[in-house]
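Q: Residue numbers (the working numbering): -15 to 254.
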């Protein structure tokens, strides 16, 4: 499953006139593809999908975008129909549905800002920003996108300039031993991906616990009882107020309660 979004228009155009970056992320491995353009038209989007996703990684099962016209149009619909890709749009009221690509956008912009010397050369740094992103461990998977995609870690420039232990060990291998080692690495790729799934599930639980603890939503209620609570603040929990509500709970669906009866109560302080 891939998500796609656009960064831009960027205030400082690149020296080649590019003002937009089209970004796509594979949701499981967190692998990111990106390319800069002067304008992101519907033809640019379909060509990007063919060149950077379909022809490199095969046909995805699902594609998620927001409701922008350059991403949500007849040409993209036709391409998805041609290759039997399920096409989904994130809700206008819930853009977090495509949150993975939004997070990738934020990280790419941070990396590029740290690398550029002149504001107009950012398009030249984009490939280096991509390799930096792909070889960094993602918190949600506990692994690098590169290792989950290819089964091994990328050789970085620093490892060549000052040879790492891995480079020194591989230099001693003959061709047969190198092939054997590479075969063993590929045979472990499924295990790495299963570990990433388990890590992701544990990470989601930790995030949920921290979020619920912050909001204080672990409190449970009994049915058919009358409760009083004050008007909620911005964090979703009660604050002191003279005006309160009384509710009678009917039943619970997941973490939500349906209200059977509600009435206003006015508490007088002596």
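Yeah, the Cβ is synthetic: ideal placement off N, Cα and C, and Gly gets one too. As the structure is a computational prediction, the values presented were derived from the model and not from experiment.
Taking the DSSP output, what are the residues bridged to residue 269?
A: Coverage of the chain is limited to positions -15 through 254, which leaves residue 269 absent and any answer about it impossible.
Q: Rounded to whole angstroms, what is the Cα-Cα separation between residue 170 and residue -5?
A: For the purposes of this step, residue 170 is taken as residue 186 along the chain shown, with counting starting at 1. For the purposes of this step, residue -5 is taken as residue 11 along the chain shown, with counting starting at 1. The alpha-carbon atoms of residue 170 and residue -5 are separated by roughly 44 Å.
Q: Let me check understanding here. Comparing Cα to Cα, which of 35, 107, 55, 27 lies closest to residue 0?
A: On the chain shown, residue 0 is found 16 positions in, with the first residue counted as 1. For residue 0, the nearest C-alpha among the options comes from 107.
Q: Report yes or no: do three or more beta-carbon pairs, one from the stretch 4 to 15 and one from the stretch 28 to 39, lie closer than 8 Å?
A: The stretch 4 to 15 is in contact with the stretch 28 to 39.
Q: Residue 99 bridges to which residues according to DSSP?
A: Here residue 99 refers to the residue found at position 115 when the chain shown is read from its first residue. Answer by DSSP bridge pairing: none, since residue 99 is not bridged.
Q: For the 8 Å Cβ check, are there 3 or more pairs between the stretch 52 to 69 and the stretch 92 to 101?
A: Touching, no.
Q: Express the C-alpha separation of residue 99 and residue 74 in angstroms, rounding to a whole number.
A: Within the chain shown, residue 74 is the residue found at index 90, counting from 1. Within the chain shown, residue 99 is the residue found at index 115, counting from 1. Cα-Cα distance, rounded: 32 Å.
Q: Could you check what DSSP says for residue 10 in three-state terms: helix, strand or coil?
A: Taking the first residue of the chain shown as 1, we reach residue 10 at position 26. It is a strand residue.
Q: Can you tell me which residues form a DSSP beta bridge with residue 127?
A: Counting from one through the chain shown, the residue named residue 127 turns up at place 143. According to DSSP, which records beta bridges pairwise, residue 127 is partnered with 122.
Q: Please report how far the alpha carbon of residue 53 lies from the alpha carbon of residue 89, in whole angstroms.
A: Stepping through the chain shown from its first residue, residue 53 is reached at position 69. Stepping through the chain shown from its first residue, residue 89 is reached at position 105. Distance between the alpha carbons of residue 53 and residue 89: 19 Å.
Q: Under the three-state reduction of DSSP, which class applies to residue 140: helix, strand or coil?
A: Translated into positions along the chain shown, residue 140 becomes position 156. Residue 140: coil per DSSP, three-state reduction.
Q: Are residue 130 and residue 119 closer than 7 Å when you measure CB to CB?
A: For the purposes of this step, residue 130 is taken as residue 146 along the chain shown, with counting starting at 1. For the purposes of this step, residue 119 is taken as residue 135 along the chain shown, with counting starting at 1. Contact: yes.
Q: Are the beta-carbon atoms of residue -12 and residue 46 separated by less than 7 Å?
A: Taking the first residue of the chain shown as position 1, residue -12 is located at position 4. Taking the first residue of the chain shown as position 1, residue 46 is located at position 62. Not in contact: residue -12 and residue 46 (Cβ atoms no closer than 7 Å).
Q: State buried or exposed for residue 15, treating a residue as buried only when at least 16 other CB atoms are found within 10 Å of its CB.
A: Taking the chain shown and counting its residues from 1, one reaches residue 15 at position 31. Buried.
Q: For residue 125, which residues from the same chain have a beta carbon less than 7 Å from its beta carbon, with the 5 sequence-adjacent residues on both sides left out?
A: As a position in the chain shown, residue 125 is number 141, starting the count at 1. Taken in chain order, the residues that qualify are 14, 132, 180, 183, 184.
Q: Cα-Cα, which of -8, 12, 42, 43 is closest to residue 18?
A: Taking the chain shown and counting its residues from 1, one reaches residue 18 at position 34. Of -8, 12, 42, 43, the residue nearest in Cα terms is -8.
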